[in-house]
Amino acid sequence: MTSHNELYPQQRRTGVARFVPLLGWLPDYNRGVFRQDLIAGLTVAVMLVPQSMAYAALAGMPPVTGLYASIVPLVVYALLGTSGTAAVGPVALTALLTGAALAPLANGDPGRYVALAGLLALLVGAIQVTMGVLRLGAVVNFMSHSVLAGFTSAAAIIIAASQVKDLLGLDADREDGFPRIVAGIWDTVHTVHGLTVVVSVVSILGLVLLKRFVPKVPGSLLVVTGVTVASALLGFGGRGVEILTEIPGGLPVPSLPSVTGADVTALLPTAFAIALVAYMESIAVAKALAAKSRRSINPDTELVAMGSANVSAGVFGAFPVAGGFARSAVNFAAGARTPVATVITAMVVAVTAIAFTPAFYHLPKAVLGAIIVVAVLGLVDAKSAVAAWRARYVDGITFTLTFVATLAFGPEPGLAAGVVFSLGAFLWRSSRPHQAELGQIPGTTTFRNVARYDGLITDPRIAVIRVDAPFYFANAHEVQDALMGLAEQRARLHTIVLDASAISDCDADGAHTLAELRERLSDRGITLRLATVRGPVRDLLSRTGLWQRLRDANHVHADVATAVAAAGGFPRLQAASAPLGRRTRHRCPP
Numbered sequence: 001m002t003s004h005n006e007l008y009p010q011q012r013r014t015g016v017a018r019f020v021p022l023l024g025w026l027p028d029y030n031r032g033v034f035r036q037d038l039i040a041g042l043t044v045a046v047m048l049v050p051q052s053m054a055y056a057a058l059a060g061m062p063p064v065t066g067l068y069a070s071i072v073p074l075v076v077y078a079l080l081g082t083s084g085t086a087a088v089g090p091v092a093l094t095a096l097l098t099g100a101a102l103a104p105l106a107n108g109d110p111g112r113y114v115a116l117a118g119l120l121a122l123l124v125g126a127i128q129v130t131m132g133v134l135r136l137g138a139v140v141n142f143m144s145h146s147v148l149a150g151f152t153s154a155a156a157i158i159i160a161a162s163q164v165k166d167l168l169g170l171d172a173d174r175e176d177g178f179p180r181i182v183a184g185i186w187d188t189v190h191t192v193h194g195l196t197v198v199v200s201v202v203s204i205l206g207l208v209l210l211k212r213f214v215p216k217v218p219g220s221l222l223v224v225t226g227v228t229v230a231s232a233l234l235g236f237g238g239r240g241v242e243i244l245t246e247i248p249g250g251l252p253v254p255s256l257p258s259v260t261g262a263d264v265t266a267l268l269p270t271a272f273a274i275a276l277v278a279y280m281e282s283i284a285v286a287k288a289l290a291a292k293s294r295r296s297i298n299p300d301t302e303l304v305a306m307g308s309a310n311v312s313a314g315v316f317g318a319f320p321v322a323g324g325f326a327r328s329a330v331n332f333a334a335g336a337r338t339p340v341a342t343v344i345t346a347m348v349v350a351v352t353a354i355a356f357t358p359a360f361y362h363l364p365k366a367v368l369g370a371i372i373v374v375a376v377l378g379l380v381d382a383k384s385a386v387a388a389w390r391a392r393y394v395d396g397i398t399f400t401l402t403f404v405a406t407l408a409f410g411p412e413p414g415l416a417a418g419v420v421f422s423l424g425a426f427l428w429r430s431s432r433p434h435q436a437e438l439g440q441i442p443g444t445t446t447f448r449n450v451a452r453y454d455g456l457i458t459d460p461r462i463a464v465i466r467v468d469a470p471f472y473f474a475n476a477h478e479v480q481d482a483l484m485g486l487a488e489q490r491a492r493l494h495t496i497v498l499d500a501s502a503i504s505d506c507d508a509d510g511a512h513t514l515a516e517l518r519e520r521l522s523d524r525g526i527t528l529r530l531a532t533v534r535g536p537v538r539d540l541l542s543r544t545g546l547w548q549r550l551r552d553a554n555h556v557h558a559d560v561a562t563a564v565a566a567a568g569g570f571p572r573l574q575a576a577s578a579p580l581g582r583r584t585r586h587r588c589p590p
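The opening position of the sequence shown corresponds to residue 1 in UniProt numbering, with each subsequent residue numbered one higher.
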């Protein structure tokens, strides 16, 4: 029986293996693991060859560059990546962003288009490597799930719409942006080519049915092979169906793209967008598969690995790459256990580029469009939209805004609008922190929110307030105004106990505002007491001198019950006052 260690060789991260993780897999590598990697590598290769050419077409690049993007970048990632199963290569989102950015700059010049694609890959790689070296992997957390789901859903629709031209055989120019794509389709709908439509329908049905009923079979390869053979035998190219014709063979020669400083400036925004989106897609699938195989992923090392793969893509005449969800899942399911599977995939693609490109001469472009459409429609995430609206309106608005902006204005503006709005919503929420007045559960030293529990003990002379947020410049005055308003409303109030158990952080503005609040309350004859202050907050208050003043006045306490006792306790029991807003109320436990 095969042991766990035979299938999952341990990765050692010492010495050179810290910088070239593949070397950490090799000491425990054996024949059984190689057999698994070989099967997975071959399986992904037969899936990647037609996909890579399709995504190259989506990016506006020659189909052979999709093969280039699936050779050296895969080997580079295999050497440097920490995931044993992530399958790197061309993906739909990066291809869409690449095409949208390059078309306006290339002015119809194929040579300049390829050079700009190489520059874009270099910029993406440089950004990712820099982020990895500076350990900025967490920066992608600023792109919320609602933003990413809205962006990918809209991008999938744009990608699918961009393929309608090839699927219907329309006599239309390549357009960028969803409104212009739709307008172009509408203006040329009378040029629909019947045989091309038949090819498209057969291809889509074949891909969908094979995926549905025999998912282990390489559906895209079977469809490409079958339709190409039919095209050659029946002469589709001579009957008006667009075919690939001659595809250059051989391997790419390393070179730096010939571009200008103005090109760098023009492509930087797209490069940042691709760097973040590609990394998020890659790290998400790497983490998910690593959890299944009980491995660990280093996000910053993954950034360096992915960035290095993109740099190699730029040097070898390709376009930006990323880790693909579908291919990585197939790689894992087929038995991949180490990056050697990725090296095998790259070798198979290289052999295809050297010897088998003439076999694609009669391949209809409609088949590549069908592959893209079937692949990306799964990215339309309606469930996330429903979940976002149910969870919180602002999340639903974030999803919808990102989705609509991406469709209306393009991928980069849509993504930027979603990120800016989500960050603005976060700052707005953090500037208005949740504040709860607490009451005591009878017979205990436990305090609960009076707006959510019945039967709590309160005292009109003592208010216990809990602030559920960091106390910093954006919300300090909001809290101060709320507490001063409370002091003005309650004539008998002589003590406010601030439960700081949920205040995880504080800055200089927060400390200054707290000192000012203490003085203003004191002028009204009200004492401010702090309870359950966390260590980092106490350290900050100590550095500003406020902690010493509070401590000397005996106004800091270990817990709320101690603070209430120091203020005179709750001598008369009474029901909690009515809450300020409607809340879910619970009966107080006995």
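Each residue gets a CB set at the ideal place from its N, CA and C atoms; glycine is no exception.
Just so you know, these numbers come straight off a predicted model, no measurement behind them.
Residue 143 places its beta carbon less than 9 Å from that of residue 418. Remark: fewer than three beta-carbon pairs, one from each stretch, lie closer than 8 Å, so the segment 69 to 78 and the segment 363 to 374 are not flagged as touching.
A direct Cα-Cα distance of roughly 11 Å separates residue 208 from residue 377.
CA-CA distance, residue 145 to residue 358, rounds to 43 Å. Boundaries of the beta strand (DSSP E) around residue 437: 435 to 440. Unbroken beta strand (DSSP E) stretches of 3 residues or longer found wholly inside the UniProt domain "STAS" (452 to 567): 462 to 467, 495 to 499 and 527 to 531, given in chain order. Non-local beta-carbon contacts of residue 166 in its own chain, meaning distances under 6 Å to residues more than five positions away in sequence, involve 365, 366 and 369 in chain order. No Cβ-Cβ contact shorter than 9 Å links residue 106 with residue 318. Sequence-distant partners of residue 403 (beyond 5 residues in either direction) whose C-beta falls short of 7 Å from its own C-beta, in its chain, are 150, 153 and 154.
C-alpha of residue 82 to C-alpha of residue 456: approximately 54 Å in a straight line. The alpha-carbon separation between residue 511 and residue 428 amounts to approximately 21 Å.
The alpha helix (DSSP H) runs lying completely inside the segment 45 to 79 and spanning 4 residues or more are 63 to 68, given in chain order.
Relative to residue 463, the option among 101, 46 and 528 whose CA is nearest is 528.
Residue pairing for residue 30: DSSP places it in no beta bridge.
The Cβ-Cβ distance between residue 302 and residue 93 does not fall below 9 Å. Cβ contact annotation for residue 161 (same chain, cutoff 7 Å, sequence separation greater than five): 178, 181 and 182, in chain order. Annotated three-state conformation of residue 104 is helix, per DSSP. DSSP places residue 447 inside the beta strand (DSSP E), whose first and last residues are 447 to 449. Residue 479 is positioned such that its CB atom lies no closer than 9 Å to that of residue 564. Of 21, 408 and 483, the smallest CA-CA separation from residue 494 is found for 483. Put simply, the segment 298 to 316 touches the segment 252 to 261. At least three CB pairs are less than 8 Å apart.
Taking a 10 Å sphere around the C-beta of residue 372, we find 16 or more other C-beta atoms and assign the residue as buried.
Looking at the DSSP output, residue 410 bridges to nothing. Under the DSSP assignment, residue 150 falls in the alpha helix (DSSP H) whose first and last residues are 145 to 162. Contact between residue 192 and residue 170 holds: CB atoms are separated by about 7 Å, below the 8 Å threshold. In the three-state reduction of the DSSP assignment, residue 179 falls in the helix class. Bridge pairing for residue 243: 364 [DSSP].
Contact between the segment 498 to 517 and the segment 461 to 477 is present, with at least three C-beta pairs closer than 8 Å. Residue 297 and residue 310 have their C-alpha atoms some 19 Å from each other.
By the criterion of at least three beta-carbon pairs nearer than 8 Å, the segment 335 to 344 is in contact with the segment 38 to 45. Across the structure, residue 163 and residue 175 are spaced so that their CA atoms are roughly 11 Å apart.
At least 9 Å separates the beta-carbon of residue 48 from that of residue 432. Counting only unbroken stretches of 4 or more residues, the alpha helix (DSSP H) elements lying wholly within the segment 235 to 311 are 261 to 292, in sequence order. Leaving aside the five residues that flank residue 423 on each side, none in its chain has a CB nearer than 6 Å to its CB. Remark: C-beta atoms of residue 124 and residue 307 approach each other more closely than 9 Å.
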